[in-house]
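In the working numbering, the protein residues as written are 272 to 666.
Glycine included, each C-beta is placed from N, C-alpha and C at the ideal position.
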Amino acid sequence: MSRAIISLNAGSSSIKFGLFLLTAEGPVHAAGGKLEGIGTAPRLIVRDQDGVVLAQRNWPDGGAMTHEGLLDDLYHWADAHLPHHRIVAVGHRVVHGGTHFAAPVRIDAAALEALEALSPLAPLHQPHNLAAIRAIAAMAPDLPQIACFDTAFHHDMPAVAARMALPRAYADRGYRRYGFHGLSYEYIADRLGAVDPALAAGRVIVAHLGNGASMCAMRGLRSIDTTMGFTALDGLMMGTRTGSLDPGVVVHLMEQEGLSGKAIEDLLYRQSGLLGVSGVSSDMRALHASNDPRAAEAIELFVWRAARHTAALMAGLEGLDGIVFTAGIGENDPVIRRMICARLAWTGIRIDDAANEANEPVISAPHSAVAVRVVPTDEERMIARHTARLLGEAA
Ligand code: ADP
Numbered sequence: 272m273s274r275a276i277i278s279l280n281a282g283s284s285s286i287k288f289g290l291f292l293l294t295a296e297g298p299v300h301a302a303g304g305k306l307e308g309i310g311t312a313p314r315l316i317v318r319d320q321d322g323v324v325l326a327q328r329n330w331p332d333g334g335a336m337t338h339e340g341l342l343d344d345l346y347h348w349a350d351a352h353l354p355h356h357r358i359v360a361v362g363h364r365v366v367h368g369g370t371h372f373a374a375p376v377r378i379d380a381a382a383l384e385a386l387e388a389l390s391p392l393a394p395l396h397q398p399h400n401l402a403a404i405r406a407i408a409a410m411a412p413d414l415p416q417i418a419c420f421d422t423a424f425h426h427d428m429p430a431v432a433a434r435m436a437l438p439r440a441y442a443d444r445g446y447r448r449y450g451f452h453g454l455s456y457e458y459i460a461d462r463l464g465a466v467d468p469a470l471a472a473g474r475v476i477v478a479h480l481g482n483g484a485s486m487c488a489m490r491g492l493r494s495i496d497t498t499m500g501f502t503a504l505d506g507l508m509m510g511t512r513t514g515s516l517d518p519g520v521v522v523h524l525m526e527q528e529g530l531s532g533k534a535i536e537d538l539l540y541r542q543s544g545l546l547g548v549s550g551v552s553s554d555m556r557a558l559h560a561s562n563d564p565r566a567a568e569a570i571e572l573f574v575w576r577a578a579r580h581t582a583a584l585m586a587g588l589e590g591l592d593g594i595v596f597t598a599g600i601g602e603n604d605p606v607i608r609r610m611i612c613a614r615l616a617w618t619g620i621r622i623d624d625a626a627n628e629a630n631e632p633v634i635s636a637p638h639s640a641v642a643v644r645v646v647p648t649d650e651e652r653m654i655a656r657h658t659a660r661l662l663g664e665a666a
């Protein structure tokens, strides 16, 4: 019987998961999938490593089903359908590790409590990440669970990049820029080191453009600055989040419009970004398909902000050798990549249109002053590697 680990990435309305076999060469992906539509009509799809569908299930009347209930179903499905595997650990993506957690950690009661205290800093993600840990603990109390943090990759960012210009006493209380999407950046850094060591040694900006979006400036594959800060709200415009916003707007909303903290949180995290500006959708594909002029305006703003933040990160890097696009939009959307690179033409960046249209690994033209690559991210695999390492296995 082979031993396996599950990696879980639990979000508000979806849970992504992967099943990895432990081998002498490290974790090998055996199956994976997504539970979507939590809170409305949940549906599950599981595929093997070749993309063949292993299981599909719908809960048309399952609007009331909780993350816990669905995870229970998923866990028992894995147990029943994989009779030759024994699940020996579960690794989780946990968005916020605060100042304390600089590396993956095995979860115990004290760690769980410390992570719960960080929930207000990542209200869109942390409560769901931790609910998944509690649900698994209730089903299998002795199963090791490992938390892998999105903040960890940025933990050693230069102090000047992490500091906020608040009075010093606030810094002592944990007010600093943490940065997020660290599991994605760590995976990309690893891939880039393998496929392009010369570029990896240089000044690279990785653009993780998904529903959540951020950028990371890397020098020698280490984070030296990133666009998200104290929370995952800062920086780029996102699907439903504002990104950077004059903090005076928040004060004004409270003082003049009488909005509560909760109402402001909802506005900035869930009603803004592509959705708020377009009034059409938070999904980039839907915006491309729409004839509504507000959809085009939302795309224009998304691109403007992405170029603006790229230029800001270049200041810290003192130049730029390469850009790597990743995540849903970064990996699949040639139009957005072309528009962002066009706004950065002053850097000498040039795209090869055919390579860009085909989502090829290298999309810069031969004479481009800046290399441009597309690297698919794999946060689940990074979680599996960390989990294996903490179990004392090959990673
Ligand atoms: P999450 O942050 O939820 O993991 P993803 O990385 O899956 O998000 O990215 C979701 C975004 O990627 C959506 O805006 C979606 O429209 C976009 N996207 C996914 N596939 C494509 C595609 N083939 N073309 C354009 N955009 C895409």
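Item	Value
Test item: CB-CB of R328 and L315 under 8 Å	yes
Beta carbon of L507 nearer than 8 Å to that of H580	yes
Continuous beta strand (DSSP E) stretch holding L463: start and end	Counting along the chain, L463 falls outside any beta strand (DSSP E), though it belongs to the alpha helix (DSSP H) covering G453 to V466.
R512 vs S543 beta-carbon contact at 8 Å	yes
P331 versus L572 - alpha carbon distance	37 Å
Residue burial classification, G529 (beta-carbon count within 10 angstroms, cutoff 16)	exposed
Straight-line Cα distance separating H347 from Y449	36 Å
Cutoff 8 Å; reference Y446; Cβ partners in own chain excluding five residues on either side	M435, L437 and F501
C-alpha distance - V366 paired with A381, whole-angstrom precision	17 Å
Cross-strand partners of V317 (DSSP beta bridge)	G304 and A326
Cβ pair F291, G304 closer than 8 Å	no
Sequence-distant residues of the same chain with beta carbon closer than 7 Å to E526, five excluded per side	none
Beta-carbon proximity check, H479 vs T618, cutoff 8 Å	no
CB of A626 within 8 Å of CB of I634, strictly	yes
Backbone CA spacing between D420 and A440 [nearest angstrom]	A small correction: the amino acid at residue 420 is Phe; Asp does not occupy that position in the sequence shown. Taking the straight line from one Cα to the other gives about 26 Å.
Residue span of the alpha helix (DSSP H) that contains N627, given as start and end	D624 to E628
Spatially closest choice to D537 from Q320, A295, A393 and L386, by CA coordinates	A393
C-alpha distance - S261 paired with R493, whole-angstrom precision	Lying before the first or after the last residue shown, residue 261 is absent from the chain, which here runs from 272 to 666.
6 Å Cβ shell around R357 - same chain, five flanking residues per side excluded	M272 and R274
For F288, the first and last residue of its enclosing beta strand (DSSP E)	I286 to T294
Distance, L661 Cα to A640 Cα	41 Å
D537 in three-state terms, based on DSSP	helix
According to DSSP, residues forming a beta bridge with R493	R490
Beta-ladder partner(s) of T337, from DSSP	Answer by DSSP bridge pairing: none, since T337 is not bridged.
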